[in-house]
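Just so you know, the sequences run in chain order A and B.
When we follow our numbering, the leftmost residue of the first sequence carries the number 591, and every step to the right adds one.
When we follow our numbering, the leftmost residue of the second sequence carries the number 591, and every step to the right adds one.
Note that CB positions come from ideal geometry on N, CA and C, so glycine has one too.
Below is one structure, written out as C-alpha cells; comments come after it.
There are 2 protein chains.
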Amino acid sequence: MNTRQNIKYIKRCFNLALKGRGWVSPNPMVGAVIVKNGKAISEGWHKKYGQAHAEVMALQKAKQDVSGSTLYVNLEPCCHTNKNTPPCVPLIISKKIKCVVISNEDPNPQISGKGVKQLRDAGIEVITGICSEEGYELNRFFFNYMKSGLPYVTLKIAQSMDGKIGLSNQEQTWLTGEESRKFVHQMRAQYDAVMIGSNTVKVDNSKLTVREVKGRNPIKIIMDGKLSVPENSKIFRTAHTGSIIIFCDKTNDSKKIKLLENRGVEIIQLKSKRTGLLNLPEVLKILAKRKIISLFVEGGQTIFSQFLEENQFNEITILQAPVMLGEGISAFTKAYKNKLYVKRIEPLGRDVKIILQKL
Amino acid sequence: MNTRQNIKYIKRCFNLALKGRGWVSPNPMVGAVIVKNGKAISEGWHKKYGQAHAEVMALQKAKQDVSGSTLYVNLEPCCHTNKNTPPCVPLIISKKIKCVVISNEDPNPQISGKGVKQLRDAGIEVITGICSEEGYELNRFFFNYMKSGLPYVTLKIAQSMDGKIGLSNQEQTWLTGEESRKFVHQMRAQYDAVMIGSNTVKVDNSKLTVREVKGRNPIKIIMDGKLSVPENSKIFRTAHTGSIIIFCDKTNDSKKIKLLENRGVEIIQLKSKRTGLLNLPEVLKILAKRKIISLFVEGGQTIFSQFLEENQFNEITILQAPVMLGEGISAFTKAYKNKLYVKRIEPLGRDVKIILQKL
Numbered sequence: 591m592n593t594r595q596n597i598k599y600i601k602r603c604f605n606l607a608l609k610g611r612g613w614v615s616p617n618p619m620v621g622a623v624i625v626k627n628g629k630a631i632s633e634g635w636h637k638k639y640g641q642a643h644a645e646v647m648a649l650q651k652a653k654q655d656v657s658g659s660t661l662y663v664n665l666e667p668c669c670h671t672n673k674n675t676p677p678c679v680p681l682i683i684s685k686k687i688k689c690v691v692i693s694n695e696d697p698n699p700q701i702s703g704k705g706v707k708q709l710r711d712a713g714i715e716v717i718t719g720i721c722s723e724e725g726y727e728l729n730r731f732f733f734n735y736m737k738s739g740l741p742y743v744t745l746k747i748a749q750s751m752d753g754k755i756g757l758s759n760q761e762q763t764w765l766t767g768e769e770s771r772k773f774v775h776q777m778r779a780q781y782d783a784v785m786i787g788s789n790t791v792k793v794d795n796s797k798l799t800v801r802e803v804k805g806r807n808p809i810k811i812i813m814d815g816k817l818s819v820p821e822n823s824k825i826f827r828t829a830h831t832g833s834i835i836i837f838c839d840k841t842n843d844s845k846k847i848k849l850l851e852n853r854g855v856e857i858i859q860l861k862s863k864r865t866g867l868l869n870l871p872e873v874l875k876i877l878a879k880r881k882i883i884s885l886f887v888e889g890g891q892t893i894f895s896q897f898l899e900e901n902q903f904n905e906i907t908i909l910q911a912p913v914m915l916g917e918g919i920s921a922f923t924k925a926y927k928n929k930l931y932v933k934r935i936e937p938l939g940r941d942v943k944i945i946l947q948k949l
Numbered sequence: 591m592n593t594r595q596n597i598k599y600i601k602r603c604f605n606l607a608l609k610g611r612g613w614v615s616p617n618p619m620v621g622a623v624i625v626k627n628g629k630a631i632s633e634g635w636h637k638k639y640g641q642a643h644a645e646v647m648a649l650q651k652a653k654q655d656v657s658g659s660t661l662y663v664n665l666e667p668c669c670h671t672n673k674n675t676p677p678c679v680p681l682i683i684s685k686k687i688k689c690v691v692i693s694n695e696d697p698n699p700q701i702s703g704k705g706v707k708q709l710r711d712a713g714i715e716v717i718t719g720i721c722s723e724e725g726y727e728l729n730r731f732f733f734n735y736m737k738s739g740l741p742y743v744t745l746k747i748a749q750s751m752d753g754k755i756g757l758s759n760q761e762q763t764w765l766t767g768e769e770s771r772k773f774v775h776q777m778r779a780q781y782d783a784v785m786i787g788s789n790t791v792k793v794d795n796s797k798l799t800v801r802e803v804k805g806r807n808p809i810k811i812i813m814d815g816k817l818s819v820p821e822n823s824k825i826f827r828t829a830h831t832g833s834i835i836i837f838c839d840k841t842n843d844s845k846k847i848k849l850l851e852n853r854g855v856e857i858i859q860l861k862s863k864r865t866g867l868l869n870l871p872e873v874l875k876i877l878a879k880r881k882i883i884s885l886f887v888e889g890g891q892t893i894f895s896q897f898l899e900e901n902q903f904n905e906i907t908i909l910q911a912p913v914m915l916g917e918g919i920s921a922f923t924k925a926y927k928n929k930l931y932v933k934r935i936e937p938l939g940r941d942v943k944i945i946l947q948k949l
C-alpha cells in the first residue's frame, strides 16, 4: 500500500470515529477500515462507551474472508485485558491480517507501543504515524486526559467586536447569531460537561441542555461558593436530562443544600481558598476522577478569569458578533501572561469564530 | 470571446490596475489589455495621476496593428474633455477596435454610460459588467467618492482578543505583531490620508509614515480641538515626507499656531460643536474638496467613537492580537446602533484581521 492509500483510509477512519463523538468518552473515538486487494471490504467504529471497539466491529461485519488484508485504524489496537471488552490485538492476529496501519499510538501506559509490538511479533507489518497530527486533534480530549489526568478545558466566550461579553453583570445581553447558538449546542453535545458560575445562572438563566442540534446532554456544573443560585433557576428543571453538580463552600446552609438535593442536584462541598474562590485544581481533579475528560466553560467573567489566572485551560473559543458595545464587561478582570496562539478562524453565520490554544 | 476569456482578461486588468495603487488618486485604478486572435498583444495601466490612461498606454505600446482586436478595461473609457488628458473613446474608435469589454461603468456623471454609447454608435461591440463586484471593490474609494462626495473612511483598531486597545489612555501598549505592523504601513501607502487624535500623538508618538513597505507617504491629519499636541512630537519631523494638517478650534492661541506653521504644519481652524468635539462632517468635506478620497483612521478612542457615533465611516479593520488584557480601554466609549457585517477574516501573522463593513 502506498502513502496516498494510507492517508485516504486513515482519513476514512477519522470520519468513522466521529460517529462516536459525544458517546464514547472517556474512551477515544476510533474508526477502522479493512482493505483487501485495494478495496474496502468492511468498516467499523466505536459507537458507545462499553460497546465493541472499532476493529472488532469491522472484523465482525466483514462479509468475506479478511485474511491477507490491511486493517486501518486511527488508534493503536489494545492488548490489555483488565477492562470491559476483550483486547483487539489477539483477534487481529487470529484473523490473519497482513498489515495494520495506525495514526496514533495509544498513550495508555497499558498499551502504548505494546499493541504494535505484539502485532509485529506475530509477523504483521505495522505502519504508524499516518496523519498523526489530525488524529491527535480528533482525540485531543483523550490524549490530554492520558497525559495530564485532567479534563480538557475550553473557555467559550461570546463577545462583541470590541470584546464585551455583556452590558453589565446584572442583565443578559444576547450578542451572537443563530449559527453561533447552534455551534454552542453542538459543543455541549461533544463535551462531557458544561460549567458556568452562579452569576451566569442568575443572569442568563440558561438550561445548558442540547436543543438546537441532535445529541446527548452534558453533565452540568455550577461553580457557586456561596450557594447563592435561586432554587427556581431553569437549570434545576433539567435534572432528568443528566447530572447537575454544584461545587460550593463547606460552610453553606444545610437547608438550601437539602432543598437542591431534593431537586436531583448533587452538591459537592469544598474548602474555599483565601480569595473566597473555590479551589479550581481540586474541582478539576474531582471531575477527572469521574471520567469527565472534557469541560466546556460558558462563563461568566469570574469563572473565565479564574481559569486564565490559574492557567487551568487548554483552549479558548471566541464567538465574536459584528456589534460594538462600547460600555460593558469583558471576559477577564486582569491582564494575564498566558501565551496563546490563533489555531483557527472562520466565519460562523454572521459572527466570527476564533480558536486560541496555549502555546 | 466567451465569458471565460472575458473574466480572465478583466482579472488581468485588475492586476494591472493595482500597479497604480496609491499613485492615481483621486482617479480610479485602471488596467487595460488588448487581445487579438486570442492572444494578449499589449497591456497598459494608469500609472500616476495626470499621466496617460490605461487604454492609451495599451494602445500606444502595441507593437502590431490593433485593428479588429478586443480591448479589455476595468472601467468605462472616458469621453469628456475638460481634464488633463485627451479622452480615450475617440482614440479607441480611430484604432478600429472591434469589441470593448468593461467591468464597471464610470460613475462620473460626465461619462456614466456616455462612453459606452459613443463606442456602440461607432459600431463597436461593448460588453459590460464582467466581474463588476470585484471591480467595484478594487475602486471602492473612487466609487464612494463619486457617490457621496466624501472620503472612504476606514477605522483601524489594533486590539487584544478581549477588545482592549491599550492598558490606559496614558501609555502606549504594543499588542499586534510584525505582520500587522507591515499591513498598517501598506494601508498608509494606499490611503490618501491618515488621521489620529491628539491623545494618540501624545501616547503613541507615531510618525505615521510608510517605512515597513515601499510606497508613498500619506497626508497626515491630526484632530486636535485644543491644539494640545507637543511641538516636539515625532510627527512634526516628517513635514518633508508630505503635508501635515491639524484641525483645531478657532479659539486657539496664535503663538502655538505660528510655531507649528513654522514647522511646516497646516492649521485649519473650525468652530467646535457644543460637545467640544470638532465638526466631523465639516472636516471630511474639507478633505474631500482637497481630493482626499480615502482616509485611514488610526485612533484613539475619542476619534473612533466620534466616527461611529456620527456614522461617518465605511469600514472597520480590526487587528486582533492573541493576548488578553483584562483591564484597559476599548475602542469605543458607548454602544452604537451601526449595522455591521463581517466582510472578511484572515490570519495576519500571529494576529487575526477582521474587516467589517456597514450593512
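The alpha helix (DSSP H) enclosing residue i, as first and last residue numbers
{"i": "Met647/B", "result": "Ala644 to Lys651"}
{"i": "Arg594/A", "result": "Thr593 to Ala607"}
{"i": "Ser722/A", "result": "Ser722 to Leu728"}
{"i": "Leu681/B", "result": "Cys678 to Ser684"}
Contacts that residue i makes with chain B (C-beta to C-beta distance below 9 Å)
{"i": "Phe922/A", "result": "Asp752, Met914, Leu915, Gly916 and Glu917"}
{"i": "Leu765/A", "result": "Within chain B, no residue comes near Leu765/A; the closest Cβ sits about 11 Å away, beyond 9 Å."}
{"i": "Asn928/A", "result": "Val913 and Met914"}
{"i": "Ala925/A", "result": "Ser750, Lys754, Leu757, Val913, Met914, Leu915, Gly916, Glu917 and Gly918"}
Three-state secondary structure assigned by DSSP to residue i
{"i": "Pro871/A", "result": "helix"}
{"i": "Ser615/A", "result": "coil"}
{"i": "Asn694/A", "result": "strand"}
{"i": "Gly739/B", "result": "coil"}
{"i": "Phe731/A", "result": "helix"}
{"i": "Val784/A", "result": "strand"}
{"i": "Asp839/B", "result": "strand"}
{"i": "Ile714/B", "result": "coil"}
{"i": "Gly805/A", "result": "coil"}
Within chain B, partners of residue i - CB distance below 7 Å
{"i": "Ala748/A", "result": "In chain order: nothing, as chain B lies at least about 12 Å away."}
{"i": "Ile935/A", "result": "Ile935, Pro937 and Val942"}
Per-residue burial, residue i [other beta carbons within 10 Å of its own, 16 or more giving buried]
{"i": "His830/A", "result": "exposed"}
{"i": "Gly756/B", "result": "buried"}
{"i": "Gly918/A", "result": "buried"}
{"i": "Asn592/A", "result": "exposed"}
{"i": "Pro676/A", "result": "exposed"}
{"i": "Gly889/B", "result": "buried"}
Pairwise C-alpha distance: residue j and residue i
{"i": "Leu728/A", "j": "Asp696/B", "result": "52 Å"}
{"i": "Phe733/A", "j": "Ala630/B", "result": "57 Å"}
{"i": "Val932/B", "j": "Asp794/A", "result": "26 Å"}
{"i": "Thr763/A", "j": "Leu898/B", "result": "21 Å"}
{"i": "Val819/B", "j": "Cys838/B", "result": "11 Å"}
{"i": "Ala925/B", "j": "Asn842/B", "result": "32 Å"}
{"i": "Ser738/A", "j": "Asn901/A", "result": "13 Å"}
{"i": "Asp941/A", "j": "Gln700/B", "result": "41 Å"}
{"i": "Asn822/B", "j": "Lys848/B", "result": "14 Å"}
{"i": "Ile720/B", "j": "Ile597/B", "result": "6 Å"}
{"i": "Arg771/B", "j": "Lys653/B", "result": "43 Å"}
{"i": "Pro616/B", "j": "Ile883/B", "result": "6 Å"}
{"i": "Gln947/B", "j": "Glu723/B", "result": "15 Å"}
{"i": "Ala921/B", "j": "Lys804/B", "result": "29 Å"}
Residue i, enclosing beta strand (DSSP E) - first and last residue
{"i": "Ile944/A", "result": "Asp941 to Lys948"}
{"i": "Ile906/A", "result": "Glu905 to Ala911"}
{"i": "Val932/A", "result": "Leu930 to Leu938"}
{"i": "Phe886/B", "result": "Ser884 to Val887"}
{"i": "Asn664/A", "result": "Thr660 to Leu665"}
{"i": "Leu817/B", "result": "Premise fails: Leu817/B is in no beta strand (DSSP E) and is neither H nor E."}
{"i": "Phe897/A", "result": "No beta strand (DSSP E) holds Phe897/A; the alpha helix (DSSP H) holding it covers Gln891 to Glu899."}
{"i": "Gln859/B", "result": "Val855 to Leu860"}
{"i": "Gly634/B", "result": "Lys629 to Trp635"}
{"i": "Ile624/B", "result": "Gly621 to Lys626"}
Chain B residues whose Cβ lies nearer than 8 Å to that of residue i
{"i": "Val743/A", "result": "Per Cβ cutoff of 8 Å: no residues; Val743/A is ~15 Å from chain B at best."}
Interface partners of residue i on chain A, CB under 7 Å
{"i": "Ile631/B", "result": "In chain order: nothing, as chain A lies at least about 42 Å away."}
{"i": "Val932/B", "result": "Pro912, Pro937, Arg940 and Val942"}
{"i": "Leu817/B", "result": "In chain order: nothing, as chain A lies at least about 27 Å away."}
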